[in-house]
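Peer 1: Quick note on numbering: the sequence shown equals residues 1 to 503 in UniProt numbering. Glycine included, every Cβ here is placed at the ideal spot set by N, Cα and C.
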Amino acid sequence: MKRMITGLLAAVLTAVSVPVQAEEQPFAETAEVFQYVLDNHLSKPTAKQLVQGALSHVSEEAGRQAHLTLKPSADDDTLPEMEQRLAEWQRAARLDETALNRWAIDGMLATLDDPHTMFFTRDDLQMFEAGVENQFVGFGFRLRMQDGLLVIRDIVPQSPAAASELRKGDQLLAVDGKSLKGKSFEEAFAMLRGEENSEAVLTIYRPSEKREKQVRLKRAAVTMPEVEGDLFEGGAIGYVSLATFGSEAAVQLRDKLDQLSHIRPLKGLILDLRDNSGGYLSTARDVASLFMEEGLLMYTTNRNGVEVETWVRNGRDVGYPVRILVNEGTASASELVAGALRDHGIAVLVGTKTYGKGSAQQIIPLSNGDALKLTLHEYFTPKRTVVNHVGLEPDLAVEDYAAQVVEALRSLDVQAYRLTEENGDTVINGIAFPTVDPLFKRENGQWLVRAAVLSRLLGDSSVGEQDYVPIAPYLQRYKTLVLQQNNDQPVLVYTAAKPAASR
Numbered sequence: 001m002k003r004m005i006t007g008l009l010a011a012v013l014t015a016v017s018v019p020v021q022a023e024e025q026p027f028a029e030t031a032e033v034f035q036y037v038l039d040n041h042l043s044k045p046t047a048k049q050l051v052q053g054a055l056s057h058v059s060e061e062a063g064r065q066a067h068l069t070l071k072p073s074a075d076d077d078t079l080p081e082m083e084q085r086l087a088e089w090q091r092a093a094r095l096d097e098t099a100l101n102r103w104a105i106d107g108m109l110a111t112l113d114d115p116h117t118m119f120f121t122r123d124d125l126q127m128f129e130a131g132v133e134n135q136f137v138g139f140g141f142r143l144r145m146q147d148g149l150l151v152i153r154d155i156v157p158q159s160p161a162a163a164s165e166l167r168k169g170d171q172l173l174a175v176d177g178k179s180l181k182g183k184s185f186e187e188a189f190a191m192l193r194g195e196e197n198s199e200a201v202l203t204i205y206r207p208s209e210k211r212e213k214q215v216r217l218k219r220a221a222v223t224m225p226e227v228e229g230d231l232f233e234g235g236a237i238g239y240v241s242l243a244t245f246g247s248e249a250a251v252q253l254r255d256k257l258d259q260l261s262h263i264r265p266l267k268g269l270i271l272d273l274r275d276n277s278g279g280y281l282s283t284a285r286d287v288a289s290l291f292m293e294e295g296l297l298m299y300t301t302n303r304n305g306v307e308v309e310t311w312v313r314n315g316r317d318v319g320y321p322v323r324i325l326v327n328e329g330t331a332s333a334s335e336l337v338a339g340a341l342r343d344h345g346i347a348v349l350v351g352t353k354t355y356g357k358g359s360a361q362q363i364i365p366l367s368n369g370d371a372l373k374l375t376l377h378e379y380f381t382p383k384r385t386v387v388n389h390v391g392l393e394p395d396l397a398v399e400d401y402a403a404q405v406v407e408a409l410r411s412l413d414v415q416a417y418r419l420t421e422e423n424g425d426t427v428i429n430g431i432a433f434p435t436v437d438p439l440f441k442r443e444n445g446q447w448l449v450r451a452a453v454l455s456r457l458l459g460d461s462s463v464g465e466q467d468y469v470p471i472a473p474y475l476q477r478y479k480t481l482v483l484q485q486n487n488d489q490p491v492l493v494y495t496a497a498k499p500a501a502s503r
């Protein structure tokens with residue numbers, strides 16, 4: 001069964017007919033989904049397509065799970081025929097009604113070849129809505145992987161973790177005595193998951209103290225901030241990361257931008273949309289309005305080719321250059337905003353090609369409390385760039401995670417740089433970023449640095465962008481490149497000889 005684990009773009013459906021189903025009908029939910037999909041899905045599926053998909057999948061699941069042989073008829077192509085066939089199979093094999101409905105719905109949706117149309121149980125719907133709003137039940141810390149170890153990357157303010165003795169940089173070793181060694185993120189999250197108010201004992205190792213500790217915590221409902229940001233050191237360039245396009249994202253972003261501008265008038269901004277999988281269309285419009293006073297946000301087309309324009313009005317002119325960091329995890333509402341701001345000449349995209357989700361969905365409540373997320377529209381950028389299944393190509397293509405930040409800063413004419421590692425993070429001009437690959441390595445008595453980062457820092461393509469290179473030759477070649485030491489930790493300092501060409 002399809003399940004939603006991250007928030008994706010939602011759109012407004014203005015006219016959807018609600019099928020009337022009697023409560024005593026055993027396949028009312030299947031019929032309800034059938035009618036919604038038949039009447040509204042972007043791809044215009046046929047009744048036969050949905051019926052045959054449902055019956056074929058029920059046959060497969062019955063064979064796999066109950067070792068039953070159920071043969072669908074190729075002649076079945078209407079809703080009444082599907083309901084009759086399902087009723088016959090249920091009576092003959094005494095199959096569970098709920099399972100039959102789920103199998104039939106899954107079979108119908110599978111024929112659409114659309115990963116964004118999906119069925120939600122009540123619990124799934126709650127998880128989806130919580131994901132969009134960046135909410136969950138847990139302890140209140142983010143993890144990252146470092147050398148095969150799970151390390152606490154961030155601690156959420158006013159969370160159980162914040163009230164405990166846990167610290168950023170602690171290595172998470174076990175949950176209730178069960179080792180996390182060799183576990184993936186997904187496996188670790190499953191072990192950490194639990195009901196609100198339930199307790200767990202976490203075993204950690206603190207490198208600074210060189211000892212293990214056990215910390216007892218109670219799980220609670222935690223809301224992760226959707227927006228984080230600060231000023232880069234030594235200048236007036238702001239950095240803001242946007243985690244989702246939840247209902248509070250635009251307000252939080254506005255407040256953060258105002259806060260940074262109050263500290264120092266901004267001369268540029270890096271907006272980080274990497275791994276932002278989207279959220280609400282209304283939020284996307286509100287976010288765009290923080291960067292443009294008025295303008296076209298997107299075109300949408302429905303299944304009948306009817307085109308609708310969505311505009312930003314009564315916004316504000318940003319007044320400084322913007323760089324948007326994107327990668328393959330930038331999807332849906334993130335792509336919508338990035339594409340629109342680029343088309344209007346407000347932003348330059350830096351990073352890798354985006355995910356390519358240029359479709360819009362509506363969440364439709366079903367009569368028994370479940371829900372259907374249904375694709376209704378495809379959207380295009382103001383310059384009619386196709387996003388769906390294609391993605392947005394960056395203006396400045398950079399693969400390396402840290403090098404993307406450096407390239408964005410160079411394109412904003414930043415001349416002074418300080419790069420180091422602290423608590424497992426890569427710190428660039430005072431702002432910490434998750435370390436995907438270590439910035440430095442020590443081999444044979446000499447320091448090596450990530451080639452991609454050094455190449456972008458120096459603007460020297462001859463460095464290459466693969467793996468690591470010894471830094472000593474570049475210290476001799478570039479007189480303003482200096483390697484310092486801070487508590488035995490290397491610090492790379494560089495002053496550009498001249499401003500980088502800006503766009």
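1. Using a Cβ-based criterion (distance less than 6 Å to any ligand heavy atom), does Arg410 qualify as near the ligand NAD?
2. Can you find the residues in the same chain that come closer than 8 Å, C-beta to C-beta, to Gln90, ignoring five residues on each side of it along the sequence?
3. To which residues of the same chain is Ile155 closer than 7 Å at the C-beta, ignoring the five residues directly before and after it?
4. With a CB to CB cut of under 8 Å and the five nearest residues on each side skipped, what residues in its chain are close to Lys71?
5. Give the straight-line distance between the Cα atoms of Gly279 and Gly131, rounded to the nearest whole angstrom.
6. Name the DSSP bridge partner or partners of Arg91?
7. Could you pull the start and end residues of the alpha helix (DSSP H) that Gln404 belongs to?
8. For residue 531, which residues of its own chain have a beta-carbon under 7 Å away from its beta-carbon, when the five flanking residues on both sides are left out?
9. How about Ala104 and Leu68: do their beta carbons lie closer than 7 Å?
10. Just verifying my parser: in three-state terms, what is the DSSP assignment at Gln214?
11. Spell out a yes or no on whether the segment 360–370 and the segment 315–330 are touching, meaning 3 or more CB-CB pairs, one atom from each, closer than 8 Å.
12. Could you check if Ala347 is buried or exposed, using at least 16 other CB atoms within 10 Å of its CB as the buried criterion?
13. Tell me which residue opens and which closes the alpha helix (DSSP H) that Glu29 is part of.
14. What number of angstroms, rounded off, separates the C-alpha of Trp311 from the C-alpha of Leu242?
15. Following the continuous beta strand (DSSP E) through Gln361, name the residue where it begins and the one where it ends.
16. Mapping DSSP to helix, strand and coil, what is Leu260?
17. Can you give me the C-alpha to C-alpha distance between Arg418 and Gly430, rounded to a whole angstrom?
18. Considering only C-alpha positions, which residue in the set Glu129, Glu29 and Leu150 is nearest to Asn423?
19. Which residues bound the beta strand (DSSP E) around residue 505?
20. Name the two residues that bound the continuous alpha helix (DSSP H) containing Arg442.
21. Contact check, Asp77 vs Val37 under 8 Å by CB: the rounded distance?
22. With DSSP as the reference, identify every bridge partner of Glu378, one or two as the case may be.
23. Using alpha carbons as the reference points, say which of Tyr401, Ala284, Ile363 and Val406 lies closest to Val33.
24. How would you write the range of the beta strand (DSSP E) that Phe136 sits in, first residue to last?
25. Which residue from Ser198, Pro157, Arg153 and Ser159 puts its Cα closest to that of Val175?
26. Are the beta-carbon atoms belonging to Thr352 and Gln361 less than 7 Å from one another?
27. Nearest-angstrom Cα distance between Gln404 and Ala452?
28. Nearest by alpha-carbon distance to Ala221: which of Asn134, Thr283, Ile237 and Trp447 is it?
29. Grab me the residues of Leu454's own chain with a C-beta within less than 6 Å of its C-beta, minus the 5 sequence neighbours each way, in chain order.
30. Are the Cβ atoms of Tyr379 and Met298 separated by less than 7 Å?
31. Leaving out five residues before and five after Lys441 in sequence, what residues of the same chain have Cβ atoms less than 6 Å from its Cβ?
32. If you draw a straight line from the C-alpha of Ala408 to the C-alpha of Arg456, how long is it?
Peer 2: Result, derived from the coordinates:
1. Within the structure as shown, the ligand NAD is missing, as the structure has no ligands at all.
2. By 1-based counting over the sequence shown, the position of residue 90 is 90. The answer, listed in chain order, is Pro26, Glu97 and Leu100.
3. Within the sequence shown, residue 155 is the residue found at index 155, counting from 1. Short of 7 Å from the beta carbon of Ile155, and not among the five residues preceding or following it, lie these beta carbons of its own chain, in chain order: Gly140, Phe141, Ala161, Ala162, Leu166 and Lys168.
4. Taking the sequence shown and counting its residues from 1, the one referred to as residue 71 is at position 71. So the qualifying residues of the chain are Ser59.
5. Position 279 of the sequence shown, counted from the start, is the residue given in the question as residue 279. Position 131 of the sequence shown, counted from the start, is the residue given in the question as residue 131. Spanning the two alpha carbons is a distance of roughly 9 Å.
6. In the sequence shown, residue 91 corresponds to position 91, counting from 1. Paired residues: none, contrary to the question.
7. Here residue 404 corresponds to residue number 404 of the sequence shown, with the count starting at 1. Start and end: Tyr401 to Ser411.
8. With the chain covering only 1 through 503, there is no way to say anything about residue 531.
9. Locating residue 104 in the sequence shown gives position 104, where the first residue counts as 1. Locating residue 68 in the sequence shown gives position 68, where the first residue counts as 1. No.
10. Taking the sequence shown and counting its residues from 1, one reaches residue 214 at position 214. Correct three-state label for Gln214: strand.
11. Flag = no, the segment 360–370 and the segment 315–330 do not touch.
12. The sequence position of residue 347 within the sequence shown is 347, counting from 1. So Ala347 counts as buried.
13. Here residue 29 is taken as the residue at index 29 of the sequence shown, counted from 1. Glu29: member of the alpha helix (DSSP H) spanning Ala28 to Asn40, first to last residue.
14. Sequence index remark: in the sequence shown, residue 311 carries index 311 (1-based). Sequence index remark: in the sequence shown, residue 242 carries index 242 (1-based). Using only the alpha carbons, I get a separation of about 22 Å.
15. Stepping through the sequence shown from its first residue, residue 361 is reached at position 361. Ser359 to Pro365 is the span of the beta strand (DSSP E), which, as asked, contains Gln361.
16. For the purposes of this step, residue 260 is identified with residue 260 of the sequence shown, where counting begins at 1. For Leu260, the three-state secondary structure derived from DSSP is helix.
17. For the purposes of this step, residue 418 is identified with residue 418 of the sequence shown, where counting begins at 1. For the purposes of this step, residue 430 is identified with residue 430 of the sequence shown, where counting begins at 1. Cα to Cα, the separation comes out at about 8 Å.
18. As a working note, residue 423 is residue 423 in the sequence shown. Closest option to Asn423, Cα to Cα, is Leu150.
19. Residue numbering for the chain in the displayed model covers 1 to 503; residue 505 lies beyond these limits and cannot be assessed.
20. Within the sequence shown, numbered from 1, the residue matching residue 442 stands at position 442. Unbroken run through Arg442 is the beta strand (DSSP E), Phe440 to Glu443; no alpha helix (DSSP H).
21. Locating residue 77 in the sequence shown gives position 77, counting from the first residue. Locating residue 37 in the sequence shown gives position 37, counting from the first residue. Not really, about 15 Å apart at Cβ, beyond 8 Å.
22. Counting from one through the sequence shown, the residue named residue 378 turns up at place 378. For Glu378, the beta-bridge partners assigned by DSSP are Thr301 and Ser359.
23. As a position in the sequence shown, residue 33 is number 33, starting the count at 1. The residue with the shortest Cα to Cα distance from Val33 is Ile363.
24. Residue numbering aside, residue 136 sits at position 136 when the sequence shown is read from its first letter. It spans Gln135 to Gly138 - the beta strand (DSSP E) in which Phe136 sits, taken as one unbroken run.
25. Residue 175 sits at position 175 when you count from the first residue of the sequence shown. Just measuring C-alpha positions, the residue of Ser198, Pro157, Arg153 and Ser159 sitting nearest Val175 is Ser198.
26. Counted from its first residue, the sequence shown places residue 352 at position 352. Counted from its first residue, the sequence shown places residue 361 at position 361. For Thr352 and Gln361, no; Cβs fall outside 7 Å.
27. As a working note, residue 404 is residue 404 in the sequence shown. As a working note, residue 452 is residue 452 in the sequence shown. The straight-line gap from Cα to Cα measures roughly 9 Å.
28. Within the sequence shown, the letter at position 221 stands for residue 221. Restricting attention to Asn134, Thr283, Ile237 and Trp447, the CA atom closest to the CA of Ala221 is found in Asn134.
29. In the sequence shown, the residue the question calls residue 454 occupies position 454. Result list for Leu454: Val463, in chain order.
30. Counted from its first residue, the sequence shown places residue 379 at position 379. Counted from its first residue, the sequence shown places residue 298 at position 298. One thing to note: Tyr379 has its Cβ within 7 Å of the Cβ of Met298.
31. Stepping through the sequence shown from its first residue, residue 441 is reached at position 441. Same-chain partners within the cutoff: Leu448 and Tyr468.
32. The residue given as residue 408 occupies position 408 in the sequence shown. The residue given as residue 456 occupies position 456 in the sequence shown. Ala408 and Arg456: Cα-Cα distance of roughly 9 Å.
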